[in-house]
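**Q**
In the numbering used here, the protein residues as written are 1 to 126.
The following block contains the structure:
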């Protein structure tokens, strides 16, 4: 982490949402002023700060979106259906595959046959 940025992830995670929004507003204002400096061509030594500020904004937005996703997951935890964007990605085939419970189900005839003719076990005595 850059010493210039002053935005440590550990510190940002401990902040509340209101504090993060205030912080992001400050950074956006600073970025706007840096863009003005860039367009006018004055103080080229401050231009390296643009990247640092942009990364800081990205960090805060990432933390906010992670919190949002976490709260949505908790909200939908007990419900029958989960929103598509919160479900596991998997592969297309795995998403369409039968669930283990569905795959294990048998017809009445097949279950009777399995009960009446269990798999034979052989042991070789040495």
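Glycine residues also receive a C-beta, built at the ideal position from the N, C-alpha and C atoms.
1) DSSP three-state call for residue 1: helix, strand or coil?
2) Tell me whether residue 59 is buried or exposed, calling it buried when 16 or more other Cβ atoms sit within 10 Å of its Cβ.
3) How many angstroms separate the CA atom of residue 36 from the CA atom of residue 79?
4) Can you confirm whether the region 58–77 touches the region 9–24 when touching is taken to mean that 3 or more C-beta pairs between the two stretches lie within less than 8 Å?
5) Throw me the rounded Cβ distance for the residue 86 and residue 76 pair, which I believe falls under 8 Å.
6) By how many angstroms is the C-alpha of residue 68 removed from the C-alpha of residue 22?
7) Using 8 Å for Cβ pairs, my map puts residue 27 next to residue 57. What's the rounded Cβ distance?
8) In or out: residue 53 buried (at least 16 other Cβ within 10 Å) or exposed?
9) Taking the alpha helix (DSSP H) that residue 112 falls in, what are its first and last residues?
**A** Let's see:
1) As a working note, residue 1 is residue 1 in the chain shown. Unreliable placement is indicated for residue 1, whose pLDDT of 48 sits below 50; the coordinate value is still reported in the next sentence. Reduced to three states, the DSSP call for residue 1 is coil.
2) On the chain shown, residue 59 is found 59 positions in, with the first residue counted as 1. Per the 10 Å Cβ criterion, buried.
3) Reading the chain shown from its first residue, position 36 is the one you call residue 36. Reading the chain shown from its first residue, position 79 is the one you call residue 79. For residue 36 and residue 79, the distance between alpha carbons rounds to 50 Å.
4) Between the region 9–24 and the region 58–77 there are three or more C-beta pairs closer than 8 Å, enough to call the two in contact.
5) Within the chain shown, residue 86 is the residue found at index 86, counting from 1. Within the chain shown, residue 76 is the residue found at index 76, counting from 1. Contact holds; Cβ gap of about 6 Å.
6) As a working note, residue 22 is residue 22 in the chain shown. As a working note, residue 68 is residue 68 in the chain shown. Between the C-alpha atoms of residue 22 and residue 68 there is a straight-line separation of about 17 Å.
7) Numbered from 1 along the chain shown, position 27 holds the residue referred to as residue 27. Numbered from 1 along the chain shown, position 57 holds the residue referred to as residue 57. Here residue 27 really is in contact with residue 57; their C-beta atoms are around 5 Å apart, less than 8 Å.
8) Stepping through the chain shown from its first residue, residue 53 is reached at position 53. Buried, since its Cβ has 16 or more Cβ neighbours within 10 Å.
9) Locating residue 112 in the chain shown gives position 112, counting from the first residue. 108–116 is the span of the alpha helix (DSSP H), which, as asked, contains residue 112.
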